[in-house]
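Read left to right, the sequence shown gives residues 4 to 347 (our numbering).
Just so you know, even glycine gets a beta-carbon here, dropped at the ideal spot from N, CA and C.
Heads up, the thing below is written out as C-alpha cells.
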Amino acid sequence: MVKEKLYGKTLNELIAVTKRVSLPGFAAKQIADWLYRKETDTIDEMTNLSKKMRDTLSVDYEIGLTAPSGVAESSDGTKKYLYKVLNNKYIETAYIPDDDRATICISSQSGCKMGCIFCMTGKQGFQGNLSSNEILNQFRSLPELRKLTNMVYMGMGEPLDNINEVLKSLEILTSEWGYGWSPTRITVSTVGLKTNIKEFLEKSRCHLAVSLHSPFDEERRKLMPIQRTNTVKEILDIIRNFDFNSQRRVSFEYILFEGVNDTPAHIKELARILNGIKCRINIIRFHHIPGSEFKSPDPTAAIRFKEALNKKGILTTIRASRGEDIGAACGLLSTIEQNKSLAL
Ligand code: SF4
C-alpha cells in the first residue's frame, strides 16, 4: 500500500490528518515541529507522541523524503542536483554559494507549458505539477540545507501555474510552526500570469520577479507565447496598483540575447514602461542551449546595457553566470538524464 506523505503538509492539513486517525488535535503542531523544525526522518522519532499514536499514524502515513539521485558540480562551487519525481521524470535544483550567501533555486513543475523559445525546460513540454512535498523536498533533502540563506523559485516550470502547491510550500517555509524563514529571503519568479500574480501578491509576502526579456509586445510574443494572453502592460498595471511595503521587492529578469533585445531602443522603452515602479532589473546573459540560434552577448556589451539603464534611473544589475561548465541553462541536465532513461 502506498502511504501518504506527511512532509509538505500545512498545519491545517496536519490537523485534518490527526482527525482522520483519531489523534488529539494538539498532535498536529507536534508533528509539524518534528517535520519542519527538528527535521526528523521517521515517524518513530516523534518521541513526544505516545508509541500508540506513532503506530496509528504509521499505518497510513510516512514522512516521505527523497534523496537526490544525482549531482553535477561546477568548478565555481555551484551544484545541480537531480531529483526523481512523477514516474521517472527528473527535476533540477541548483545550489549556488556566493560569499556569505547560499541560494537554492528550486523547481515547481516537471517540464513547463509556457513554451518560451529560449528555454530547455520549455522544450521538454509539460509533465506535471510538483506537490508541495516535491517542492520542499528539494530544500529539505539538499545536502547543503544548513548553509542556505536564500531561496528562489526559478528552476523548472512556471511557479504561478502551480499556485496552490507553491503557496502551500511558502506557507510552510515562512510560518512560525514551519521553518520560520523571513519572506524577504524568498523570491518567486513568473512569466506573468495575471490572475495568479494577484493571488500570489495577496496571499504571500515573498518577493516577486517577473521575466520580461523584451519591452516590445511583438518581440516578447515571439520569445514568450504567454504575452498573447498576459501582456506586459497588464502585468505592470497590477504591480503599479499593488501596495508593496518597504520590505517587499519586485524585480524584472531580462535575458540578454545578442542582436535581439540589446539595442538603445530597448533601453529607452524599458525606462518608459517601468517609469514610476520601484524595481530592479536583473540582466542574465543568455546561456546557450542545443539547437538554439540565440547568442550570448559578450560581457562588455552586457555591462554597457546595464550602465545605460542605470543612467535612466533604473537600478540594474548583471547576474553572474554560474555553473557554466555543468550546463547552466535550466532543464539541460534533466533532459540529458531523461533521454538516458529512455535509451535503457
Ligand atoms: S523560461 Fe520558465 S516559464 Fe518559460 S518555458 Fe522555461 S521554465 Fe517555463
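Helix, strand or coil: how does DSSP classify residue i here?
{"i": "Pro228", "result": "helix"}
{"i": "Ile317", "result": "coil"}
{"i": "Glu7", "result": "strand"}
{"i": "Gly67", "result": "coil"}
{"i": "Met154", "result": "strand"}
{"i": "Ser131", "result": "The question names Ser, yet the displayed sequence has Gly at residue 131. Strand."}
{"i": "Asn91", "result": "coil"}
{"i": "Lys281", "result": "coil"}
{"i": "Thr13", "result": "coil"}
{"i": "Arg104", "result": "strand"}
{"i": "Arg143", "result": "helix"}
{"i": "Gln250", "result": "coil"}
{"i": "Ser61", "result": "helix"}
{"i": "Ile109", "result": "coil"}
{"i": "Phe255", "result": "strand"}
{"i": "Gly334", "result": "coil"}
{"i": "Val263", "result": "coil"}
{"i": "Leu85", "result": "strand"}
{"i": "Glu340", "result": "helix"}
{"i": "Gly348", "result": "Lying before the first or after the last residue shown, residue 348 is absent from the chain, which here runs from 4 to 347."}
{"i": "Ile292", "result": "coil"}
{"i": "Ala75", "result": "strand"}
{"i": "Ile329", "result": "helix"}
{"i": "Ile242", "result": "helix"}
{"i": "Ala323", "result": "coil"}
{"i": "Leu347", "result": "Confidence in Leu347 is poor, its pLDDT being 46 and thus under 50, which makes the residue's placement too unreliable to answer from."}
Just to confirm my understanding: we take residue i, look at its own chain, exclude 5 residues before and 5 after, and list those with CB closer than 6 Å. What are they?
{"i": "Thr177", "result": "Trp184, Pro186"}
{"i": "Tyr326", "result": "One point to set straight first is that residue 326 is Gly, not Tyr, in the sequence displayed. These residues qualify, in order along the chain: Ser77, Thr81."}
{"i": "Leu151", "result": "Ala105, Ile107"}
{"i": "Cys119", "result": "Gly125, Met227"}
{"i": "Leu273", "result": "Pro218"}
{"i": "Leu17", "result": "Ala31, Ile34, Ala35"}
{"i": "Glu237", "result": "Lys197"}
{"i": "Arg283", "result": "Ser254, Leu318"}
{"i": "Thr190", "result": "Val155, His210, Ala212"}
{"i": "Val169", "result": "Ser111, Pro162"}
{"i": "Gly181", "result": "Tyr39, Ile175"}
{"i": "Ile229", "result": "Met117, Val194"}
{"i": "Gly160", "result": "Ser110, Ser111, Gln112, Cys115"}
{"i": "Met157", "result": "Cys108, Ser192"}
Measure the alpha-carbon distance for residue i versus residue j and round it to whole angstroms.
{"i": "Asn153", "j": "Gly294", "result": "33 Å"}
{"i": "Ala268", "j": "Arg104", "result": "35 Å"}
{"i": "Ala19", "j": "Lys6", "result": "16 Å"}
{"i": "Lys271", "j": "Thr303", "result": "19 Å"}
{"i": "Gly131", "j": "Ile66", "result": "22 Å"}
{"i": "Gly114", "j": "Lys55", "result": "42 Å"}
{"i": "Ser207", "j": "Arg251", "result": "10 Å"}
{"i": "Gln127", "j": "Ala30", "result": "42 Å"}
{"i": "Met117", "j": "Asn313", "result": "30 Å"}
{"i": "Val235", "j": "Glu222", "result": "12 Å"}
{"i": "Leu60", "j": "Gln33", "result": "13 Å"}
{"i": "Ser172", "j": "Pro162", "result": "11 Å"}
{"i": "Ser305", "j": "Thr320", "result": "The sequence given here has Ala at residue 305, not Ser. Straight-line Cα distance between these residues: approximately 10 Å."}
{"i": "Asn248", "j": "Asn91", "result": "42 Å"}
{"i": "Phe203", "j": "Asn140", "result": "21 Å"}
{"i": "Lys298", "j": "Glu179", "result": "45 Å"}
{"i": "Arg231", "j": "Thr193", "result": "15 Å"}
{"i": "Leu68", "j": "Val263", "result": "43 Å"}
{"i": "Asn285", "j": "Asp246", "result": "22 Å"}
{"i": "Asn15", "j": "Lys315", "result": "48 Å"}
{"i": "Ile200", "j": "Lys41", "result": "33 Å"}
{"i": "Leu148", "j": "Lys309", "result": "33 Å"}
{"i": "Phe142", "j": "Asn278", "result": "36 Å"}
{"i": "Thr45", "j": "Asp79", "result": "35 Å"}
{"i": "Ala311", "j": "Arg188", "result": "29 Å"}
{"i": "Met4", "j": "Val74", "result": "31 Å"}
Short of 8 Å in beta carbon distance, which residues of its chain neighbour residue i, apart from the five on each side in sequence? Order them along the chain.
{"i": "Ile280", "result": "Leu239, Ile242, Arg243, Val253"}
{"i": "Thr43", "result": "Trp37, Met49, Ile66"}
{"i": "Ile276", "result": "Pro218, Val235, Lys236, Leu239"}
Considering only residues of the same chain and omitting the five flanking positions on each side of residue i, which have a CB-CB separation below 7 Å?
{"i": "Pro300", "result": "Leu259, Glu261, Asp265, Arg288"}
{"i": "Val88", "result": "Ile94, Ser113, Leu133, Glu137"}
{"i": "Met123", "result": "Ile292, Ala332, Cys333, Gly334, Leu335, Thr338"}
{"i": "Leu347", "result": "Below a pLDDT of 50, predicted positions are generally treated as unreliable, and Leu347, at 46, falls in that range; no measurement from the model is reported."}
{"i": "Pro71", "result": "Tyr84, Leu85, Tyr86, Ser144"}
{"i": "Asp164", "result": "Gln112, Lys116, Leu196"}
Is there a Cβ from chain D that is less than 8 Å from the Cβ of residue i?
{"i": "His269", "result": "Judged by its chain identifiers, the structure shown contains no chain D, having just a single protein chain."}
Task: beta strand (DSSP E) segments (min. 3 residues) lying fully within the region 183-238 - done: Counting whole runs of 3 or more residues, the region 183-238 contains the beta strand (DSSP E) stretches 189-193, 210-214.
Open item on the list: I want to know whether the region 109-128 touches the region 82-100 - three or more CB-CB distances under 8 Å.
Closed with: Output reads yes: the region 82-100 touches the region 109-128.
Task: contact_flag[the region 132-146, the region 10-27] where n(CB pairs < 8 Å) is 3 or more - done: The answer is yes - the region 10-27 touches the region 132-146, with three or more Cβ pairs under 8 Å.
Open item on the list: Between the region 205-213 and the region 254-267, can you find at least three pairs of beta-carbon atoms closer than 8 Å?
Closed with: Contact between the region 254-267 and the region 205-213 is present: three or more C-beta pairs spanning the two stretches fall below 8 Å.
Open item on the list: Assess contact between the region 20-29 and the region 44-61, defined as three or more Cβ pairs (one per stretch) separated by less than 8 Å. Is contact present?
Closed with: Remark: three or more beta-carbon pairs, one from each stretch, lie closer than 8 Å, so the region 20-29 and the region 44-61 are flagged as touching.
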